[in-house]
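Below is one structure, written out as structure tokens; comments come after it.
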Amino acid sequence: EECPTGTWTQEICLPTIYEVFPTSAPLEGGTMLTICGWDFGFRRNNKSDLKKTKVLLGNESCTLTLSESTTNMLKCTVGPAVNEHFNISIIIANGRGTAQYSKFSYVDPIITSISPSYGPKTGGTLLTLNGKYLNSGNSRHISIGGETCTLKSVSDSILECYTPAQTTPTEFPIKLKIDLANREMNSFSYQEDPIVYAIHPTKSFISGGSTIT
Numbered sequence: 001e002e003c004p005t006g007t008w009t010q011e012i013c014l015p016t017i018y019e020v021f022p023t024s025a026p027l028e029g030g031t032m033l034t035i036c037g038w039d040f041g042f043r044r045n046n047k048s049d050l051k052k053t054k055v056l057l058g059n060e061s062c063t064l065t066l067s068e069s070t071t072n073m074l075k076c077t078v079g080p081a082v083n084e085h086f087n088i089s090i091i092i093a094n095g096r097g098t099a100q101y102s103k104f105s106y107v108d109p110i111i112t113s114i115s116p117s118y119g120p121k122t123g124g125t126l127l128t129l130n131g132k133y134l135n136s137g138n139s140r141h142i143s144i145g146g147e148t149c150t151l152k153s154v155s156d157s158i159l160e161c162y163t164p165a166q167t168t169p170t171e172f173p174i175k176l177k178i179d180l181a182n183r184e185m186n187s188f189s190y191q192e193d194p195i196v197y198a199i200h201p202t203k204s205f206i207s208g209g210s211t212i213t
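Numbered per UniProt numbering, the sequence shown spans residues 1 to 213.
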């Protein structure tokens, strides 16, 4: 009965948020949030009108990327935070009402240890970084000596990557970048590649079980 003359209108529809990704960002900010829901703005001539739409993280504005946003999905970039904050309210106002989502946090990602601490200069060593909030934000990049350590897996407390090759045996710090956050950890030591001069025996039974030296 709220629709005049039986015609559907968005004029009284309040915005609704049902999902936000990611749910945490590093203190330095720079994380692009994807906010999913309904009625974030108007639809006019098959185009999204978001002129009156605003996104707030607590009291701070989240800058909308209008070219990638629609009435059902908003993309915005968070600014920096001074301290860690948990369960910050994300508020969307569209000129008709507001929607709130209270599961976003600012965190301080840290690396506490690495394993192993050395490997061959040809690279390919599976390196494990242990820490906290390592899966925060959107993008992460690990480098050693200016070269990319190729990511294998990501979790809150563990990052795994394959070390890049280096031309000479030396030590390099491990650098982690999560959105605009930069962290640095103890050096990874590159050593000369192992050399095998001989093996004994050079043949064995089909069933196996022989000890090779």
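Each residue gets a CB set at the ideal place from its N, CA and C atoms; glycine is no exception.
Rounded C-alpha distance that separates residue i from residue j
i, j, result
"Leu14", "Thr53", "12 Å"
"Asp179", "Arg140", "7 Å"
"Glu171", "Lys132", "24 Å"
"Lys103", "Ile35", "12 Å"
"Phe21", "Ser204", "56 Å"
"Ile212", "Ile195", "16 Å"
"Ile142", "Gly95", "42 Å"
"Ser155", "Pro201", "44 Å"
"Lys51", "Phe86", "29 Å"
"Tyr162", "Ile111", "17 Å"
"Ser67", "Ala99", "22 Å"
"Ser61", "Thr71", "18 Å"
"Pro26", "Cys76", "15 Å"
"Asn130", "Met32", "25 Å"
"Ala198", "Asn83", "58 Å"
Three-state secondary structure assigned by DSSP to residue i
i, result
"Leu180", "coil"
"Glu147", "strand"
"Phe205", "coil"
"Ile212", "coil"
"Ser189", "strand"
"Thr154", "It is Val, not Thr, that sits at residue 154 in the sequence shown. Val154 falls in the strand class under three-state DSSP."
"residue 214", "Within the shown structure, residues of the chain are numbered from 1 to 213, placing residue 214 beyond reach of any answer."
"Ile199", "coil"
Beta-carbon proximity list for residue i, same chain, < 7 Å, skipping 5 on both sides
i, result
"Ile206", "none"
"Leu57", "Val78, Ile88, Ile90 and Phe104"
"Tyr18", "Cys36 and Gly37"
Beta-carbon proximity list for residue i, same chain, < 6 Å, skipping 5 on both sides
i, result
"Glu184", "Pro173 and Lys175"
"Pro80", "Glu28 and Gly29"
"Ala165", "Thr122 and Gly123"
"Gly145", "Gln166 and Phe172"
"Asp39", "Cys13 and Pro15"
Same chain only: Cβ atoms within 8 Å of residue i, ignoring 5 sequence neighbours per side
i, result
"Pro120", "Tyr190, Gln191, Glu192, Asp193 and Pro194"
"Ser153", "Leu159 and Glu160"
Report task. Would you check if the segment 103 to 111 and the segment 127 to 136 touch, i.e. whether three or more CB-CB distances between them fall below 8 Å? Result -> Counting C-beta pairs with one atom in each stretch, the segment 127 to 136 and the segment 103 to 111 have three or more that are closer than 8 Å, which means they touch.
task = Please list the segments of the alpha helix (DSSP H) lying wholly inside the UniProt domain "IPT/TIG" (14 to 107), counting only runs of 4 or more residues, in order along the chain.
result = Listed in chain order, nothing qualifies, since the UniProt domain "IPT/TIG" (14 to 107) has no complete alpha helix (DSSP H) run of 4 or more residues.
- Within the segment 111 to 145, note down every full beta strand (DSSP E) run reaching 3 residues or more, in order along the chain. Entirely contained in the segment 111 to 145, the beta strand (DSSP E) runs reaching 3 residues are, in chain order, 118 to 120, 126 to 132 and 140 to 144.
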